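Beneath this line is the structure, given in structure tokens, with notes to follow.
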Amino acid sequence: MSRIIPEILDILVEFGKPLSSQEITDELKLRGIKLESRTIRYHLTKMEKMGLISRVANGKRVITEKGIEELRRKSVFERLGEFSERIEYNVYFCTFDLYSMRGTIPTNVAILDKKDFEKALNIVEDVSSSKILISNLIVFCDEGENIGGIDIPKGKFGIGVISNTIYDVIMRSAGVSMVAEFAGLLHYEKHKPKGIIELISYSGTTLSPGWLLINSGLTSVYEVVKTGNGDIITAIRSFSKYAVEIVKEELSLAKARGINGIISVSHPSDKSFSLPTGNRARLIVSAGLNYLAPLHECNLKLELRINEAFIEFKEFKPIEKFLK
Numbered sequence: 094m095s096r097i098i099p100e101i102l103d104i105l106v107e108f109g110k111p112l113s114s115q116e117i118t119d120e121l122k123l124r125g126i127k128l129e130s131r132t133i134r135y136h137l138t139k140m141e142k143m144g145l146i147s148r149v150a151n152g153k154r155v156i157t158e159k160g161i162e163e164l165r166r167k168s169v170f171e172r173l174g175e176f177s178e179r180i181e182y183n184v185y186f187c188t189f190d191l192y193s194m195r196g197t198i199p200t201n202v203a204i205l206d207k208k209d210f211e212k213a214l215n216i217v218e219d220v221s222s223s224k225i226l227i228s229n230l231i232v233f234c235d236e237g238e239n240i241g242g243i244d245i246p247k248g249k250f251g252i253g254v255i256s257n258t259i260y261d262v263i264m265r266s267a268g269v270s271m272v273a274e275f276a277g278l279l280h281y282e283k284h285k286p287k288g289i290i291e292l293i294s295y296s297g298t299t300l301s302p303g304w305l306l307i308n309s310g311l312t313s314v315y316e317v318v319k320t321g322n323g324d325i326i327t328a329i330r331s332f333s334k335y336a337v338e339i340v341k342e343e344l345s346l347a348k349a350r351g352i353n354g355i356i357s358v359s360h361p362s363d364k365s366f367s368l369p370t371g372n373r374a375r376l377i378v379s380a381g382l383n384y385l386a387p388l389h390e391c392n393l394k395l396e397l398r399i400n401e402a403f404i405e406f407k408e409f410k411p412i413e414k415f416l417k
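The numbering of the sequence shown is the numbering used here, which starts it at 94 and goes up by one.
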């Protein structure tokens with residue numbers, strides 16, 4: 094579909110009323126599309142034949158149901174890579190500082206039924222001591238409250254955990270730009286990572302790749318915690334190979350301050366995880382969603398809001414604080 098057709102559809106939706114060809118032409122000019130009137134009429138005739146628009150009184154045009162559906166599909170394709178853009182937004186606006194341990198953190202939130210509170214708390218407690226987590230710190234939010242801009246509905250409660258995007262925030266402060274490349278499914282045997290068995294590119298999805306892996310039933314984080322065998326979600330970032338030492342220094346400081354979950358920092362020549370080749374270094378980190386994935390694996394009904402909340406670091410507490 095040419096650019097002109099979705100623009101005309103968008104104009105008809107925006108105005109919400111029948112428009113003449115001249116009115117459409119004038120609006121297109123305001124959008125930087127300057128075409129002769131006869132060219133616009135040609136496209137309108139073509140769109141009528143396609144069933145995207147129809148004529149009404151005085152020869153004016155309105156969008157049809159088919160046209161609305163076509164515009165919706167076009168909008169989805171235009172939003173490809175949207176989730177990676179959300180990561181970039183979070184990196185820019187989060188204020189967390191590793192040295193002061195203050196500021197807002199990108200947060201993943203699970204919203205569950207209150208009837209499942211005890212079971213969910215027990216699962217989270219079981220997972221909290223695992224070394225695969227970025228942090229065992231969490232926030233709880235009750236019905237009617239707000240967690241980082243997300244309202245918790247009546248009959249629900251929320252659990253917030255630190256997103257792995259915290260590493261993008263940390264590295265930005267150190268002057269290192271991270272690029273979100275993939276989410277991977279990393280296989281564990283006897284508590285040791287053995288290899289990545291699935292990869293989803295951030296550039297080809299409007300949804301969180303981590304959410305896709307959880308929702309598809311491919312994770313077994315709870316089994317990794319319990320037995321050391323199973324599959325967890327990893328986030329894979331690339332960065333300049335000349336910044337490897339800077340990244341390692343920041344990761345060392347983060348670990349000393351309780352922020353963990355690092356799987357590997359690899360040079361482009363490192364083939365240990367069989368990732369697509371390139372000339373950039375890579376950071377492989379356990380996804381923040383691994384703290385919440387066991388809730389889904391244990392058949393609890395939950396809504397996941399990924400990287401949609403900014404929460405002050407001081408609000409996060411160890412699970413023990415909520416068990417009293």
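Virtual Cβ for every residue (Gly too), placed ideally from N, Cα, C. Treat the numbers as computed from the prediction; the structure is a model and nothing was measured.
Output needed for residue i: all residues of its chain with C-beta closer than 8 Å, excluding positions within five of it in sequence on either side, in chain order.
i: LYS410; result: LEU230, ILE231 and VAL232
i: GLU236; result: LYS207, ILE245, PRO246, LYS247, GLY248, LYS249 and PHE250
i: PHE406; result: PHE189, MET194, ARG195, GLY196, THR197 and ILE198
i: PHE418; result: Here the chain has residues from 94 to 417 only, and residue 418 is not among them.
i: ASN183; result: PRO199, SER256, THR258, ASP261, VAL262, ASN400 and PHE403
Is residue i buried or exposed, if buried means 16 or more other CB atoms sit within 10 Å of its CB?
i: PRO369; result: exposed
i: MET194; result: exposed
i: HIS360; result: exposed
i: HIS389; result: buried
i: ALA150; result: exposed
i: HIS136; result: buried
i: TYR260; result: buried
i: SER228; result: buried
i: TYR281; result: buried
i: ARG375; result: buried
i: ARG96; result: exposed
i: GLY160; result: buried
Taking C-beta to C-beta, are residue i and residue j nearer than 8 Å?
i: ALA380; j: ILE243; result: no
i: VAL337; j: GLY323; result: no
i: ILE326; j: LEU385; result: no
i: ARG373; j: VAL202; result: no
i: ILE263; j: ALA328; result: no
i: PHE366; j: ILE255; result: no
i: LEU311; j: ILE293; result: no
i: LEU128; j: LEU121; result: yes
i: GLU158; j: ARG148; result: no
i: SER177; j: ALA273; result: yes
i: VAL340; j: ASP219; result: no
i: THR118; j: SER130; result: yes
i: SER223; j: ILE412; result: no
i: GLU100; j: ILE126; result: yes
i: LEU205; j: LEU395; result: yes
Pull up the DSSP beta-bridge partners for residue i, would you.
i: ASN308; result: Beta-bridge pairing links ASN308 to no other residue.
i: CYS391; result: In DSSP, CYS391 forms no bridge with anything.
i: ASN201; result: VAL254
i: HIS136; result: Bridge partners of HIS136: none, in fact.
i: HIS280; result: GLY288 and ASP324
i: LEU230; result: PRO411
i: LYS249; result: ASP206
Excluding five sequence neighbours on each side, which residues of the same chain lie with their C-beta closer than 7 Å to the C-beta of residue i?
i: SER270; result: PHE332
i: GLU316; result: ASN322 and GLY323
From this set, the options, which residue's C-alpha is nearest residue i's C-alpha?
i: ILE307; options: GLY160, ILE180, CYS391 and TYR281; result: CYS391
i: ILE377; options: LEU395, GLY354 and LEU393; result: GLY354
i: LEU393; options: TYR192, LYS110, LYS212 and GLU175; result: LYS212
i: GLY241; options: CYS187, VAL155, ILE117 and ILE133; result: CYS187
i: GLU291; options: LEU300, SER309, LYS334 and LYS283; result: SER309
i: PHE275; options: ARG265, LEU300, GLY268 and LYS283; result: LEU300
i: LEU102; options: MET143, ILE156 and ILE133; result: ILE156
i: GLU408; options: ILE126, GLY253 and ARG265; result: GLY253
i: GLN115; options: LYS153, GLY125, GLY144 and ILE146; result: LYS153
i: GLY303; options: ARG350, ARG165, ARG124 and ILE180; result: ILE180
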